[in-house]
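So the protein sequences, as listed, match chains A and B. Per our numbering, residue 1 is the first one in the first sequence, and the count goes up by one each step. Per our numbering, residue 437 is the first one in the second sequence, and the count goes up by one each step.
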Amino acid sequence: MLVADLRIAWLSLVEHRRRALFLGGAISGVTMLLVLLTSLSTGVRTTLIETATTLSTGHVNVGGFFKVTGGMAIPAVTHASKVVEVATEAVPELEFAVQRGRGWAKLVSATGSMQAGIGGIDIGSEQRFRRALSIVDGSLDGLEEPGTILLFREQADKLGVRAGDALTISAQTTRGVNNTVDCRVAAIAKDVGMLSKFNVFIPAASLRELYQYRPDTTGAVQLYVRGDAVDDLGPITARLRTALQDAGYGVMDPDDRPFWMKFDTVSRQAWTGQKLDVTTWEGELSFLTWTLSAIDGLSWVLLVILVAIVIAGIMNTMWIAIRERTREIGTLRAIGMQRVNVVRMLLLESVLLGLFGALLGAGMGAGLASLITSAHLEVPLAVQLFLMSDEVRLIAEPGAVLRAVLLLTAVTGLAALQPALRAARLRPVDAMSHFG
Amino acid sequence: MTSTSADGPIVSLVDATKDYALGSTVVHALRGATLEVPRGAFMSIVGPSGSGKTTLLNLIGCVDRPTSGRVTVDGRDTSKLRERELTRLRLHTIGFIFQSFNLVHVLDVFRNVELPLLLQGQLGARARRERTLALLDRVGLSDHIKHRPSELSGGQRQRVAIARALVTRPKLVLADEPTANLDSATGESILDLMKDLNRDDHTTFIFSTHDARVMAHASSRVYIEDGRVASIEESADGSPAVAAGRMPAPVTPSADPG
């Protein structure tokens, strides 16, 4: 029976090929757009995670504040090597850990100045740093020497410097005294959106010198875990908090904000000394994830509009198709086709159309996404802030493409449901008007 | 389920009426028809346009229900059957031949004829193919199995419709003006084919017509007037009662309440 339904459904589509092509084309277009939108969202998310979890956060971070007095909070972790030891024991999912100095300073060149977040890195121990950045001038190896700095292109343009040029970094030490460090620009990297807007990197030793930290003090210990553990960091952070408390550390309450948003809160608190703060990359980047939410929200709005158009189009087309085929449906009912089979036959027709249209659209969408990404299209600065990259990156995940195909096919089928039910309810004698 | 009787009439109508609402007007299409059709009959329903013969066929074919009265097909009271059971009754017991052929235009000749067997779902592909091809051979369309209905003449299309009606080996075949859209020679050949099938397979045929030449082929004729069975004329030996082209004198049936 299904064979007969499928055959009639398929042949009806072939018979009315102009209508089928028009509607199938619309479904293809919507599917393609959906795939492109999800690819954009995935691309931005992936770029964000890849870049941000390299430049400014680990998957899990043990940061915190050191307070000499009640009102002055310094983003520092003392005795960092002990923290690494505790973390290594508490987190078996750990792949590697790096230490990052944290600070805020003024950069002064011969022609300009700017405020920036300072990251102190040990480039030799950074396993992902080189992969995340694309150097356009100089070399990252230069950062192995103290008194060097890594800038991003827009910052370098603003300061009017190139690799090899001199800069002065000025900041307030923990004792409230202004200190400066002279640096040479070791490398200039391509911009990576909002993350490269306010961050620069200097060797960890230079950062300690600038803030006059002890050798075992850092800004945060960034922990990188195995791929399968990244999606569920809750248990890891809970375990880590407990382990740190057991090791005698004061640990701050969970707070899903980046560390630089916590200064006010921490400064208002009366405690002094060291408190550690266990955070995840999602918390540290919560100020950026609105970008993803905006893209996802826009995608949903577009999707709803497009799906509504598809539903209206399909329902309208099905009404026309059913009106044209009323006598045929009446005949089929008269010779013994059950109502449920009439519904199935008409739904199959619609689902077949939806499936072929969606498959075609998904293929085109995935192909176009790949083409756009491989073309390395540069985007304007304003757009870079949202895309977290200076070029468009679209990632068509097989699962997302499959979901788009299934969604559009299901929507197409559902749109045909009401017309199909109405057709099935026709009495054979009414449907075969000539018979009366 | 009502048991069927192999000896009883294939169709029985008792005081069947059918009213249609036409705006605020009620049209009495059938005003109390009583009729019994024996198994193996080759019966014509005769009457002018609007007399109610198509409505009568609709009730017998279970594509419509009577407003009042009783219609029994193969021993089953159709008023007591649900829609699903009525559809099953049509599929397994009744074959339909329509005036306008009503073939599924997207299917070729073979698929059109095979369709009721697929709906029944009882035979395998091979058995379906054998039975379909045998029937197409019998109606003289073996060479046209791949043709679409639009590629056939009117007579060929009606032969396809006959093959489709017979492929499930129904007990009853209903034909509504089966020759109305055919020229006289083709109409004659279609009627000859139906008679052959009636004689060889003892399939009951009931067909409506207002063409005197066509009704002359029937072994019994039911005359409908103003929604009532006005008379029934039987041939004593089952052969055509009168020569083609002459309208027979009606006989008022004693069973007719109207």
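Virtual Cβ for every residue (Gly too), placed ideally from N, Cα, C.
query	result
What did DSSP end up calling A/Pro-254 once you bin it into helix, strand or coil?	coil
Could you list which residues in chain A have their beta carbon closer than 8 Å to that of B/Val-540, in chain order?	Ile-8, Glu-328, Thr-331 and Leu-332
Return the chain-ordered list of same chain residues with a C-beta closer than 6 Å to the C-beta of A/Val-14, the five sequence neighbours on each side being excluded.	none
Taking the straight line between their C-alpha atoms, what separation do you get for B/Val-473 and B/Gln-535?	22 Å
Between the segment 408-421 of chain A and the segment 460-471 of chain B, do at least 3 Cβ pairs fall closer than 8 Å?	no
Can you tell which of A/Ala-90, A/Leu-407, A/Gly-164 and A/Leu-6 has its C-alpha closest to the C-alpha of A/Val-304?	A/Leu-407
DSSP three-state call for A/Tyr-211: helix, strand or coil?	helix
Run through the segment 498-558 of chain B for me and flag every whole alpha helix (DSSP H) of 4 or more residues, listed as ranges in chain order.	519-529 and 545-556
Suppose you measure from the CA of B/His-541 to the CA of A/Leu-402; what does that come to, to the nearest Å?	35 Å
Which term fits A/Arg-131, buried or exposed, when burial requires 16 or more other beta carbons within 10 angstroms of its beta carbon?	exposed
For the segment 494-512 of chain B, which residues have a CB atom closer than 8 Å to at least one CB atom of chain A, in sequence order?	Asn-494, Gly-497, Val-499 and Asp-500
Is B/Val-463 buried or exposed, if buried means 16 or more other CB atoms sit within 10 Å of its CB?	exposed
For B/Thr-568, would you say it is in contact with chain A, using Cβ-to-Cβ distances shorter than 8 Å as the test?	no
Answer with buried or exposed for A/His-16, where buried requires no fewer than 16 other C-beta atoms within 10 angstroms of its C-beta.	buried
Got a sec: is the Cβ-Cβ distance from A/Gly-336 to anything in chain B below 8 Å?	yes
Less than 8 Å between the CB atoms is what I'm expecting for A/Phe-129 and A/Thr-54, so what's the real figure, rounded?	6 Å
Could you check whether the Cβ of A/Glu-15 sits closer than 8 Å to any Cβ belonging to chain B?	yes
I need the boundaries of the alpha helix (DSSP H) containing A/Leu-33, first residue and last residue.	17-55
For B/Ser-448, is the classification buried or exposed, using 16 other Cβ atoms within 10 angstroms of its Cβ as the cut-off for buried?	buried
Taking buried to mean at least 16 other C-beta atoms within 10 Å of its own C-beta, is A/Pro-398 buried or exposed?	exposed
Can you give, in chain order, each stretch of the alpha helix (DSSP H) that sits fully within the segment 60-105 of chain A and has at least 4 residues?	80-90
Who are the neighbours of B/Phe-532 on chain A, taking C-beta pairs under 7 Å?	Ala-334 and Ile-335
I'd like to know whether the C-beta of B/Thr-523 is nearer than 8 Å to at least one C-beta of chain A.	yes
Identify each residue in the segment 547-564 of chain B for which the Cβ-Cβ distance to at least one residue of chain A is less than 8 Å, and report them in chain order.	Arg-547, Leu-551, Pro-552, Leu-554, Leu-555, Gln-556 and Gly-557
Using beta carbons (cut-off 8 Å, strictly below), is B/Leu-543 in contact with chain A?	yes
With 8 Å set as the bound, which would you pick, yes or no: does the beta-carbon of A/Ala-420 sit closer than that to a beta-carbon of chain B?	no
Is any heavy atom in the ligand SAM found nearer than 7 Å to the beta carbon of A/Ser-109?	Questions concerning the ligand SAM fall outside what the structure shown contains, since it holds no ligand whatsoever.
What is the DSSP secondary structure of A/Gly-357, counted as helix, strand or coil?	helix
Which full runs of the alpha helix (DSSP H) of 4+ residues lie inside the segment 639-664 of chain B, going along the chain?	648-651
Report yes if the CB atom of A/Gly-354 is closer than 8 Å to the CB atom of A/Ile-8, and no otherwise.	no
Let me know the secondary structure DSSP gives A/Phe-287 once reduced to three states.	coil
Per DSSP, what kind of secondary structure is A/Asn-341 in: helix, strand or coil?	helix
On the criterion of 16 or more Cβ atoms from any shown chain inside 10 Å, does A/Glu-262 qualify as buried, or is it exposed?	First, the residue type needs correcting, since residue 262 of chain A is Lys and not Glu in the sequence shown. Buried is the call here.
In terms of alpha-carbon separation, which member of A/Ala-52, A/Lys-67 and A/Ser-350 lies closest to A/Trp-271?	A/Lys-67
Excluding the 5 residues flanking A/Pro-428 on each side, which residues of the same chain have their C-beta closer than 7 Å to its C-beta?	Gly-330, Arg-333 and Ala-334
Kindly give me the distance between the Cβ atoms of A/Ile-395 and A/Thr-42, rounded to whole angstroms, as I take these residues to be in contact under 8 Å.	4 Å
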